[in-house]
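Take a look at the structure set out below.
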Amino acid sequence: MENIQKISAQIAKQGPASGSLKEPNPNRKRRFDIQGMLRNPEMQAAILSGVLMLGGWAAGYASAAISVVLYILSYAAGGWLKAKEGMETLIKERELDVNLLMVAAALGAASIGYWNEGAMLIFIFALSGALESYTMERSKKDISSLMALKPELALRIEDGKMALVSIDELKVSDLILVKPGELIPADGIIHKGFSAVNQSSITGESVPMDKSQGDEVFAGTLNGEGVLYIEVSQTSDATVFAKIIRLVEEAENEVPQSERFMKRFEAIYAKIVVAVTLVIIFAVPFVLGWSFGTSFYKAMVFLVVASPCALVASIMPALLSAISNRARRGILFKGGAHMENMALTSVVAFDKTGTLTAGEPQVTDIIAANGYDRKELLAVIASVEQLSEHPLAKAIVRKAEEEELELLPAESVTSVTGWGMEGRVGSKQWRIGKTDVLDRMDDCKESVYWKQQRTVLGAEGKTVSVILDGERVAGLVALQDVVRPQAAAAVRKLQAIGVKVAMLTGDRSETAQVIARQTGVDLIYSDLLPEEKVTYVKKLREEYGHVVMVGDGVNDAPALATATVGMGMGMSGSGTALEVADVVLMNDNIEEIAGTIKLARRARRIVKQNMVFAITVIVLLMSGNFLTGIALPFGVVGHEGSTILVILNALRLLR
742 MENIQKISAQ
752 IAKQGPASGS
762 LKEPNPNRKR
772 RFDIQGMLRN
782 PEMQAAILSG
792 VLMLGGWAAG
802 YASAAISVVL
812 YILSYAAGGW
822 LKAKEGMETL
832 IKERELDVNL
842 LMVAAALGAA
852 SIGYWNEGAM
862 LIFIFALSGA
872 LESYTMERSK
882 KDISSLMALK
892 PELALRIEDG
902 KMALVSIDEL
912 KVSDLILVKP
922 GELIPADGII
932 HKGFSAVNQS
942 SITGESVPMD
952 KSQGDEVFAG
962 TLNGEGVLYI
972 EVSQTSDATV
982 FAKIIRLVEE
992 AENEVPQSER
1002 FMKRFEAIYA
1012 KIVVAVTLVI
1022 IFAVPFVLGW
1032 SFGTSFYKAM
1042 VFLVVASPCA
1052 LVASIMPALL
1062 SAISNRARRG
1072 ILFKGGAHME
1082 NMALTSVVAF
1092 DKTGTLTAGE
1102 PQVTDIIAAN
1112 GYDRKELLAV
1122 IASVEQLSEH
1132 PLAKAIVRKA
1142 EEEELELLPA
1152 ESVTSVTGWG
1162 MEGRVGSKQW
1172 RIGKTDVLDR
1182 MDDCKESVYW
1192 KQQRTVLGAE
1202 GKTVSVILDG
1212 ERVAGLVALQ
1222 DVVRPQAAAA
1232 VRKLQAIGVK
1242 VAMLTGDRSE
1252 TAQVIARQTG
1262 VDLIYSDLLP
1272 EEKVTYVKKL
1282 REEYGHVVMV
1292 GDGVNDAPAL
1302 ATATVGMGMG
1312 MSGSGTALEV
1322 ADVVLMNDNI
1332 EEIAGTIKLA
1342 RRARRIVKQN
1352 MVFAITVIVL
1362 LMSGNFLTGI
1372 ALPFGVVGHE
1382 GSTILVILNA
1392 LRLLR
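Quick look at the structure:
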């Protein structure tokens, strides 16, 4: 104990430990980057391919040789990346894909003199691929911002001396010191000290928790005004914060089922088309008596009309149009797959703090007595609390400022460890703090009344403090993280389209029940740690199907990554939540979620329409090629015409 006292005397002389980390700015701007898109190599290649294609077409009126050269350059510009991807798939996985098929179709068209048609195929396929690549890239961000929140250093106490060490060197039972305003570097038990610890990054609790000797604290949480001596209970790789990181990594490494299906389909489709083309070229002449020239021509027509341009265009233009529509409403999708998955939503799960609620405590009730009125009490307690950095104190001062009350000079203001604040205003001594003093009063009529009021306010999920004028109760002040104005309407709109609404929160059950009654959510899960949120998201997926998780904090990151679609709050959300999220609500307007799901469902219907139409056209063109014979230009026009039609159908989603 003597060593601790010596070290305590040194703390005021030192600044924060080096290596202290700050929360990334959650409000950094995110916008569609035109310059970034143009820097995309695939987009540059597609644009160059289109320019050269037009140049070849124009040059054809003057010089056939120049026209062919320009077409060859167009093929190379738009097709080399796709050809490279196709060859890599062929060599590494021994599978044919649509990339190689498209290149083969274009080369086949060129081999029989239809350079422009082949170049058009290359250009459209390259352009759609570039748009898809740009939209989809980094749809699952790495967790660099989450790692940036991880404390790296700790002040370990050994033999009465402080030593700055890496958190990896900490062992169970080591004693560490955490200064005011620093991140706690390890899970542990408080050995000495008192402070309000902000645990929102781990538990999602809306109000910092008062912590004293014997209480548990977590790595990655923020210490308040007090100095804490903590006995380490977990090594760095076993902390709750480390578990959050691992959960996010595991969830992000999962390959969506639709992606696996498309890869299998693509490989099978390409093999069938190549096989049929070879059969037409080499086998049909012997079976039907066609000349080699006739068979080769029909094979090239087949290769062109069977190319899946329209099929590919059935999906991404629709999803991109829907994404653009939502972007104008302040909702940013990180990829088309997330819009597709949004259409399947059966449950929307909300975190409570900062999502359904505003995310900061506000004064809700002031009950005055002994001749005082409400405004007079508010002015007095704000005067005492104005020098405190505690979130509840700040909320009281903010309320007084909102009501334009004049704050009075306060003298002898002190913090009462583990209880609250006291100070002299005018001629009276005032105290504001925990209501446990009521339990020490005699069971007179007055104390019974105040206990009843405390019970009523507590049942509403509010944090209650008592106001004392000397030893007399002058009143009670209640604070609460209030519900967002649009929360109840957002829940009703979701329920109206057949979506169940759940709430996952680290807050206590009483608070969760109050918020649930105010918003009308269907399912309530409270007292949850981050890994428990993941468990319940998985449970909801098993019971109901596809789940959208809406959250704003580091503690929500694993659940956001585990859900079918993770949706982050853009204005109030942490940098980590925004990196992990698949969709970002830039204006935090949760009322837009229901409209987004409706639009996603419409986009899914249009995708189905387009796919049916594209497949029908391909089948009709292939049948016509074999049954009656069609000219290659007609095949290209039919094929490209179907592509244009499905794109136009998709663009309806922009409205």
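The sequence shown lines up with residues 742 to 1396 when you count with the working numbering. Cβ coordinates follow ideal geometry from the N, Cα and C atoms, glycine included.
| Asked | Found |
| --- | --- |
| Helix, strand or coil at M1308 according to DSSP, with G and I counted as helix | strand |
| Local conformation of F959 per DSSP, three classes | coil |
| Three-state secondary structure assigned by DSSP to G1292 | strand |
| Identity of the residues DSSP links to I684 by a beta bridge | Only positions 742 to 1396 of the chain appear in this structure, which leaves residue 684 out of reach. |
| DSSP-derived helix/strand/coil call for Q940 | coil |
| E966 vs P921 beta-carbon contact at 8 angstroms | yes |
| Exposed unless 16 or more other CB atoms sit within 10 angstroms - verdict on Q1168 | The sequence given here places Ser at residue 1168; Gln does not occur at that position. Flag for S1168 reads exposed. |
| Beta-carbon spacing of L1362, G1379 below 8 angstroms | yes |
| Presumed contact (8 angstroms Cβ cut-off) between G1199 and I1107, rounded CB distance | The pair is not a contact, with the Cβ atoms about 16 angstroms apart (cut-off 8 angstroms). |
| Rounded separation between M1327 and R1067 - CA only | 11 angstroms |
| Contact under 8 angstroms by Cβ, V894 with V906 | The sequence given here places Leu at residue 894; Val does not occur at that position. Yes, the pair counts as a contact, with Cβ atoms nearer than the cut-off. |
| Where the alpha helix (DSSP H) through V789 begins and ends | Just to set this straight, residue 789 is Leu in the shown sequence, not Val. That run of the alpha helix (DSSP H) goes 782 to 800. |
| Per-residue DSSP class, three states only, for Q1350 | helix |
| Inter-residue spacing [alpha-carbon to alpha-carbon] between K1203 and L1220 | 6 angstroms |
| Any 3 or more C-beta pairs closer than 8 angstroms across the stretch 1299 to 1312 and the stretch 1074 to 1093 | yes |
| Buried versus exposed, by CB contacts within 10 Å (16 or more), A1253 | buried |
| Residue environment, I964, which counts as buried when at least 16 other CB atoms sit within 10 Å | For clarity, residue 964 is Asn in the given sequence; the question names Ile instead. N964 should be labelled buried. |
| Other residues of its chain near S1130: CB distance less than 8 angstroms, five sequence neighbours each side excluded | Here residue 1130 is Glu; the residue named in the question, Ser, does not match the sequence. Only G965, E966 meet the Cβ criterion. |
| Cβ-Cβ separation, D1268 to S1250 (assumed contact under 8 angstroms), whole Å | 6 angstroms |
| 8 angstroms contact criterion, which V1053 and V1377 should meet: CB distance rounded | That belief does not hold up - the Cβ atoms of V1053 and V1377 are roughly 16 angstroms apart, past 8 angstroms. |
| Beta-carbon gap between V958 and I931 smaller than 8 angstroms | yes |
| 7 angstroms CB neighbourhood of A806 in its chain, flanking five on each side removed | none |
| Spatially closest choice to W1160 from A937, A979, K1192, by CA coordinates | A937 |
| Assigned secondary structure, S1168 (DSSP; H/G/I helix, E/B strand, else coil) | coil |
| Cβ-Cβ separation, Q1227 to V1332 (assumed contact under 8 angstroms), whole Å | Here the sequence assigns Glu to residue 1332, which means Val is not the residue at that position. That pair is a contact at about 5 angstroms. |
| Exposure of S804, with buried meaning 16 or more beta-carbon neighbours within 10 Å | exposed |
| Sub-8 angstroms separation of L1179 and W1191 beta-carbons | yes |
| Assigned secondary structure, S886 (DSSP; H/G/I helix, E/B strand, else coil) | Because the pLDDT at S886 is just 44, under 50, the model does not fix this residue reliably, and the point stays unresolved. |
| Three or more C-beta pairs below 8 angstroms linking the stretch 1147 to 1167 and the stretch 1117 to 1131 | yes |
| 8 angstroms Cβ cutoff met for S1065 and A1391 | no |
| Whole-angstrom C-beta distance between P1058 and G961, which should lie under 8 angstroms | Incorrect: roughly 43 angstroms between the Cβ atoms, too far for contact. |
| Nearest-angstrom beta carbon gap, G1095 and G1294 [assumed within contact, 8 angstroms] | 6 angstroms |
| DSSP three-state assignment for M950, whether helix, strand or coil | strand |
| Cβ-Cβ distance between F1043 and N1366 below 8 angstroms | yes |
| Bridge partners - F1375, DSSP secondary structure assignment | Answer by DSSP bridge pairing: none, since F1375 is not bridged. |
| Cβ contact check for the stretch 1349 to 1361 and the stretch 1019 to 1028: 3 or more pairs under 8 angstroms | no |
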